[in-house]
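Trainee: Before I ask anything, let me first share the structure, which is written out below as structure tokens.
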Amino acid sequence: MCSVRQHQPIGLYDSGIGGFSILREVHNLMPSVPLIYVADDAHAPYGEKQPSFVQERARTIVEQLLHEKVVMVVVACNTATAVAIDFLRQNFTIPFVGVEPYLNVLNKWPQLSDDRHKTAVATTVLMGQSARFLELRHRLDPQNRSMYFTFPNLATLIEEEFYHPSANFADFEAKLEQELAPLKDKGASHLILGCTHYPLVQNTLEKILKLKAISPCRPVANRCQEIYQSCVKQVRTDGDPTRTFRFFSTKQGTWKELSFDLFHQWPK
Ligand code: DGL
């Protein structure tokens with residue numbers, strides 16, 4: 089349990105804008121709580137890096153967020169959670185919340201056990217190979233009921249579309265479809281999303297692959313709320329909703345105020 093002043097912000101970070109998928113859920117649950125977000129886009133994609141590199145980036149970003157007086161940090165990145173959250177917990181005393189694919193649906197959703205349903209899991213390459221994820225697979229899917237896919241470029245395509253939207257959205261869909269080709273026609277009825285970039289284009293993925301996607305963002309936000317409430321004695325629920333969040337891109341090297349309205353506008 090931490091003892092801190094009220095209204096201290098929550099910090100979130102990802103290799104880029106992927107963690108917005110968690111940030112918007114946290115904001116929906118706790119609209120008056122200030123949020124601070126770091127996108128480590130100067131060093132993206134994490135999915136192609138060595139674990140030690142992702143750990144050192146985690147340390148640097150958490151130090152930066154502590155400077156901004158955050159009370160806790162959400163590692164809003166599956167890849168960084170897989171390779172760096174234990175390291176962060178060993179090196180800092182604030183609470184951390186991570187994100188991992190919701191593999192436990194295989195055990196929790198009875199409908200996934202019948203022959204008409206088949207799940208697939210999509211992750212980055214580093215995430216898919218990480219010891220933490222392999223342990224999760226072993227624990228929650230010991231019989232290998234799901235199919236597992238890694239996508240080297242999917243997060244980057246989504247990141248690029250955010251900053252430079254295609255003149256025609258169909259062009260972006262065509263790029264996604266090409267990247268997703270290994271998963272097409274494999275008979276998956278459900279796709280477990282294992283990278284925080286993916287829920288940002290969930291509707292498009294569902295349309296291209298003709299399946300239902302399963303995102304962990306809401307449960308992660310719930311966990312974040314629980315921990316925040318245990319840190320901050322009285323979380324104001326009656327305060328004015330914050331309209332903006334503070335955003336730092338390591339590529340741009342500057343802080344900005346971004347409006348939450350952005351999530352109504354993107355993606356189309
Ligand atoms: N959004 C990140 C994740 O959840 C990874 C994207 C990247 O490879 O940088 O894994």
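Take any residue in the sequence shown, count from 1 to its spot, add 88: that is its number in the working numbering.
Just so you know, even glycine gets a beta-carbon here, dropped at the ideal spot from N, CA and C.
#1: In terms of residue numbering, what span does the beta strand (DSSP E) encompassing residue 98 cover?
#2: Going straight from the alpha carbon of residue 202 to that of residue 332, what length do you get?
#3: Less than 8 angstroms between the CB atoms is what I'm expecting for residue 287 and residue 190, so what's the real figure, rounded?
#4: I need the DSSP call for residue 301, collapsed to helix, strand or coil.
#5: Could you tell me which of 293, 290, 314, 103 sits nearest to residue 136, measuring between CA atoms?
#6: In whole angstroms, give me the CA-to-CA distance for residue 146 and residue 206.
#7: Can you have a look at residue 243 and say buried or exposed, based on whether 16 or more other CB atoms are within 10 angstroms of its CB?
#8: Within this structure, are the beta carbons of residue 283 and residue 183 separated by less than 9 angstroms?
#9: Can you find the residues in the same chain that come closer than 6 angstroms, C-beta to C-beta, to residue 289, ignoring five residues on each side of it along the sequence?
#10: Can residue 102 be considered in contact with the ligand DGL, in the sense that its beta carbon sits closer than 8 angstroms to one or more heavy atoms?
#11: Note down, in chain order, each residue of its chain lying with its Cβ closer than 6 angstroms to the Cβ of residue 238, except the 5 sequence neighbours on either side.
Mentor: Taking the geometry as given:
#1: Per DSSP, residue 98 belongs to the beta strand (DSSP E) from 98 to 102.
#2: Roughly 45 angstroms separates the two Cα atoms.
#3: Not a contact, Cβ separation roughly 11 angstroms.
#4: If DSSP states are grouped into helix, strand and coil, residue 301 belongs with the strands.
#5: Answer by Cα proximity: 103.
#6: Their Cα atoms are separated by approximately 35 angstroms.
#7: Per the 10 Å Cβ criterion, buried.
#8: No, they are not a contact pair.
#9: The answer, listed in chain order, is 246, 355.
#10: Yes, Cβ of residue 102 sits closer than 8 angstroms to a heavy atom of the ligand DGL.
#11: Beyond the five residues adjoining it in sequence on each side, residue 238 comes within less than 6 angstroms, by CB distance, of 211, 213, 216 in the same chain, given in chain order.
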